[in-house]
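Same order as they appear, the protein sequences are chains V, G and X.
For reference, each letter of the first sequence is one residue, going 218 to 481 in the working numbering.
For reference, each letter of the second sequence is one residue, going 961 to 1327 in the working numbering.
For reference, each letter of the third sequence is one residue, going 62 to 355 in the working numbering.
Even for Gly, the Cβ is constructed at its ideal location relative to N, Cα and C.
Since the structure comes first, as structure tokens, the remarks are kept for the end.
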Amino acid sequence: MVEVTGPSDQPLLVADGLTKSYGRLAACRDVSFALYPGEVLAIVGESGSGKSTLLQMLSAQLAPSGGRVSYRMRDGVLRDLAQLGEAERRFLFRTDWGYVHQDPAQGLRMAVSAGANVGERLMAVGWNNYGRIRQTASSWLERVEIDIARIDDAPRTYSGGMRQRLQIARNLVTEPRLVFMDEPTGGLDVSVQARLLDLMRSLVNELGLAAIVVTHDLAVARLLSHRVMVMKEGRVIETGLTDQVLDDPREPYTQLLVSSILPP
Amino acid sequence: MYVAVKGGERAIENAHRLLAHERRGDRDVPELSLSQISEQLGLAVDRVMSEGSLYDRELAALAIKQARGDLIEAIFLVRAFRATLPRFGTTEPVDTGAMRVQRRVSSTFKDIPGGQVLGPTFDYTHRLLDPGLAQGGDPEAPALAETSDVPMPRVTDILGRDGLIEPSPAAETDAPVGDLTRDPLSFPAGRDLRLQNLARGDEGFLLALGYSTQRGYGRNHPFAGEIRFGEVEVEFVAEEIGFAVPLGSIELTECQMVNQFKGSATEPPCFTRGYGLAFGQSERKTMSMALVDRALRARELGEDLIAPAQDEEFVMSHSDNVQATGFVEHLKLPHYVDFQSELGLLRKLRQEFAEANAAPALKEAAE
Amino acid sequence: MNAPTYNFAYLDEQTKRMIRRAILKAIAIPGYQVPFASREMPMPYGWGTGGVQVTAAILGPKDVLKVIDQGSDDTTNAISIRKFFAKTAGVETTTSTDAATVIQTRHRIPEAPLRAGQVLVYQVPIPEPLRFLEPRETETRRMHALAEYGLMHVKLYEDIARFGHIATSYAYPVKVNARYVMDPSPTPKFDNPKMDNCPALQLFGAGREKRIYAIPPYTSVVSLDFEDHPFTRYKFDAPCALCGAEDSYLDEIVTDNKGSRMFVCSDTDYCEGRQAAGHRGTESVAPHKEAAHG
């Protein structure tokens, strides 16, 4: 929809010394990295490793105790998220960003039709033609493999896998440049997971999306991501290209994680 | 031929005449006096004063008489009158520690300095209808004892000396106390406004909410630290004089709940407080209020917000029975203009539905 | 006993000043809901306490007041409020839209066009147009502040997807001065176009919810819709059975137990004015003798 401006050798998002503490408990300590346009980064670790806290800080939903997150806006300027006004932040969320929740009920309006769920972002940015909104919603339903005969049904009548695909369509309809995903396949059956991962991989490739995926499932990381960050007790303990880290982990903890899943 | 309905004005007048007639009841039965109401239905008067936010027994009795005993209607009458009164100023905070106590019980200690004082209470009465009362007659005079000057410190003050309960947030003496009747409410509201809202709130609503916290919807493990009822002095600083002068005394009930302790990385564990206060003797109200006050502090104390009683917007927006009764009862007002447009829309939708469903049948018939 | 005495138009002057300040702010920010310290009035919440407070704050001794409910001067609540001001302010009252300087209304806008200098005061039960989509005040205020109105269009989208057209027949949301989405109070959508570019000042009072908002004279008021599903005014199938008007909002009157019906103007002043001017419908009272012979 909108041309991505600027050369892709400039980072899209930069985390710099991100720290979050609750009293004496540090949930996340001194995390720094840069994410480039079109790049998919997986953050892996067990529950309690701080990866969800990190994702919330990266997506400006939680204020860090230290450090900062910067994002390159569509005009090419890198801005500190903490300095954005609420209107700008919410606008980013409706247009240039997507956020896929583990529980689709949190990311969807469960009592509103699938068509309106997908169309909401378009209407929020001023689309005012019912026919065009519906047309766009239908084509997105097709892209995420939802029967368009179900366009007027509410997601509460959908299966778990369909809900998750609808949530993805709802996020991608404004063609964002960056999508945050929090355990996107959690809570789904294995066969359903495989189909969803396949779909996500092809969408990410087609659209040239950058994504930050939080997961405890290394299979998800292997299928979707270019790079992996391994977290333990609030710190990043290992980072690198996905194949490298997963095939040849250096840290004993990463070795343990890798050995506890089946090889690809 | 049709002539549009007229004559509403006379109908209203006649309805009000009939109301006055019904209020009086059988003319052979002696008419109620205000002193009978304030003396013999004292707890009803207390409730009307509390939720009407006006300490005036005589006006509350009048309101109860005028409302035919409908207490929410009586509260409404008192509130509407109160809204027109000029505001001279704000009294000094009353000192419930210096209360001339008629009743004072604590469930957290067997005995306390000053002792447990039962006072006038329904507690421990057997709830048997009393035919003797139906006939009337003078009850026995109350038992008397020497008054003692033993001070009656508040139980929470005793706990507070050892730091076992969080300190009452020190009031900033210069900061103005919010007034819901003079400023519109906005969220999040400070505790001053929350307490004011609860003090004016409907007893039944607070009772149900307080009860819900006990049943697990926002449980906060309360103990009735202390309930006390008695007279306190009200003082007012008149600017011209420069010092506080007593205006008189009022009866109050105060309930302090002592709740589940809590600590964090930086704070040692201690008990927390819930507070209830009402005019007159209103134990059910103050206990419920204290439970709900504590529940509403969930956010401040870092607890999960999961239950209705913890939801500030939900509780404060629906606690006022004068607002609630007005809006529920306004459904009696004519709505026929809106109903007409709904009727028109419904007919149109039904017609469209019928046409859409008739079409395939016709086609089949044609084939 | 503290025997009550009351000020002109009931409210004390301090309170009136507070309400006037809220009204001025509301006029300065068309369509924005200004919180105000609503007082307890001697009529119940939901029965017009917001409108009554606004009227009390703007009424002067020379004003001429008209009060309607459902378009009629003769419904019980309209009578009750009119009598309240006749008693507490001693102002002249009227049923004529044209003669009135202040018109307090519930659920209708008069059929006769309003003129500059008149004030129309609406009674509002729920001022927040987003309330039934988002119950939290903290959230809806933020949505207004950021002009985030996508959710409102979601509702209209759902109507069209289900019914083929927007199925909101009253309290139909509008956008005021191209900025704030506003609830016009539960007037039928038939009346919405009258709010646009209106020469009179329109004030809205919600007592229980403690909000005042306004549409200054000659302000744009646009009913929300989609390009390809534009707002349409409700159209009745038949003219008024009493005055023959074809452009007015009609009440449906059930005339017997067999379900016979007739349709007559909801605006009684408008209907009587037309009948006095000689207009007739199918069910009119028998014409005057002169006419019968003529």
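Paired residues, beta bridge with residue i - DSSP
i: ASN1219(G); result: THR1232(G)
i: SER1146(G); result: Looking at the DSSP assignment, SER1146(G) forms no beta bridge with any residue, so it has no partner.
i: LYS236(X); result: VAL242(X), VAL283(X)
i: LYS86(X); result: Note: LYS86(X) sits in no beta bridge, so no partner.
i: PRO1206(G); result: GLU1195(G)
i: PRO96(X); result: ARG272(X)
i: PHE1239(G); result: LEU1212(G)
i: HIS290(X); result: PHE287(X)
i: ALA259(V); result: VAL430(V), VAL445(V)
i: ARG167(X); result: ASP130(X)
i: GLY283(V); result: THR236(V)
i: THR154(X); result: LEU126(X)
i: VAL317(V); result: MET398(V)
i: ILE1187(G); result: VAL1065(G), CYS1215(G)
i: GLN184(X); result: GLY266(X)
i: TYR1015(G); result: According to DSSP, which records beta bridges pairwise, TYR1015(G) is partnered with nothing at all.
Cβ-based neighbour list, residue i, same chain, cut-off 7 Å, excluding 5 preceding and 5 following
i: ARG1060(G); result: GLY1190, GLU1191
i: THR248(X); result: HIS168, ARG169, ILE170, TYR231
i: SER442(V); result: VAL257, LEU258, ALA259, VAL430, THR459
Separation of residue j from residue i, as counted between CA atoms
i: GLU1018(G); j: ARG1039(G); result: 14 Å
i: THR1141(G); j: GLU1186(G); result: 29 Å
i: PHE310(V); j: ILE80(X); result: 39 Å
i: GLY190(V); j: ALA427(V); result: Since the first residue of chain V shown is 218 and the last is 481, residue 190(V) is not available in this structure.
i: TYR1177(G); j: ASP1264(G); result: 11 Å
i: PRO1206(G); j: GLY1029(G); result: 33 Å
i: GLU344(X); j: PRO245(X); result: 33 Å
i: ILE90(X); j: LEU458(V); result: 55 Å
i: VAL282(X); j: LEU311(X); result: 23 Å
i: VAL1194(G); j: GLU1011(G); result: 19 Å
i: VAL1110(G); j: ARG1121(G); result: 19 Å
i: GLU305(V); j: ARG203(X); result: 13 Å
i: VAL475(V); j: LEU435(V); result: 7 Å
i: LEU217(X); j: THR293(X); result: 13 Å
i: ALA70(X); j: SER1146(G); result: 28 Å
i: ALA328(V); j: ILE350(V); result: 19 Å
i: ALA1168(G); j: TYR279(X); result: 50 Å
i: ARG984(G); j: THR1232(G); result: 50 Å
i: LEU175(X); j: ALA277(V); result: 50 Å
Three-state secondary structure assigned by DSSP to residue i
i: SER327(X); result: coil
i: CYS304(X); result: coil
i: ASN253(X); result: helix
i: CYS332(X); result: helix
i: GLN1062(G); result: strand
i: ALA237(V); result: Position check: residue 237(V) holds Lys in this sequence, whereas Ala was assumed. Strand.
i: ILE350(V); result: helix
i: MET1247(G); result: helix
i: GLY457(V); result: strand
i: ARG380(V); result: helix
i: LYS1292(G); result: helix
i: ARG1179(G); result: coil
i: GLY404(V); result: coil
i: ASN68(X); result: strand
i: ARG467(V); result: coil
i: GLY1164(G); result: helix
Cut-off 6 Å between Cβ atoms - residues of its own chain near residue i, not counting five sequence neighbours on either side
i: ALA354(V); result: GLY332, VAL335, GLY336
i: VAL115(X); result: VAL182, LEU264, GLY266
i: GLY1074(G); result: VAL1110, MET1112
i: GLU153(X); result: VAL125
Same chain, Cβ closer than 8 Å to residue i, neighbours up to 5 away in sequence not counted
i: ASP1139(G); result: GLN1156
- prompt: Per the contact definition of three or more C-beta pairs closer than 8 Å, is the region 254-263 of chain V in contact with the region 316-324 of chain V?
  reply: no
query: Using 8 Å as the threshold, is the region 296-314 of chain X in touch with the region 330-343 of chain X, meaning 3 or more CB pairs across them?
result: yes
- prompt: Given 8 Å as the limit, is there contact between the region 267-282 of chain V and the region 461-473 of chain V, that is, 3 or more CB pairs closer than that?
  reply: no
query: Touching or not, the region 414-421 of chain V and the region 240-252 of chain V, by the rule of three or more beta carbon pairs under 8 Å?
result: no
message: I'd like to know if the region 1045-1057 of chain G and the region 1152-1167 of chain G are in contact, where contact means that at least 3 CB-CB pairs between them fall below 8 Å.
response: no
task: Flag this pair as touching only if the region 1270-1283 of chain G and the region 1251-1259 of chain G have three or more C-beta atom pairs under 8 Å; answer yes or no.
output: yes
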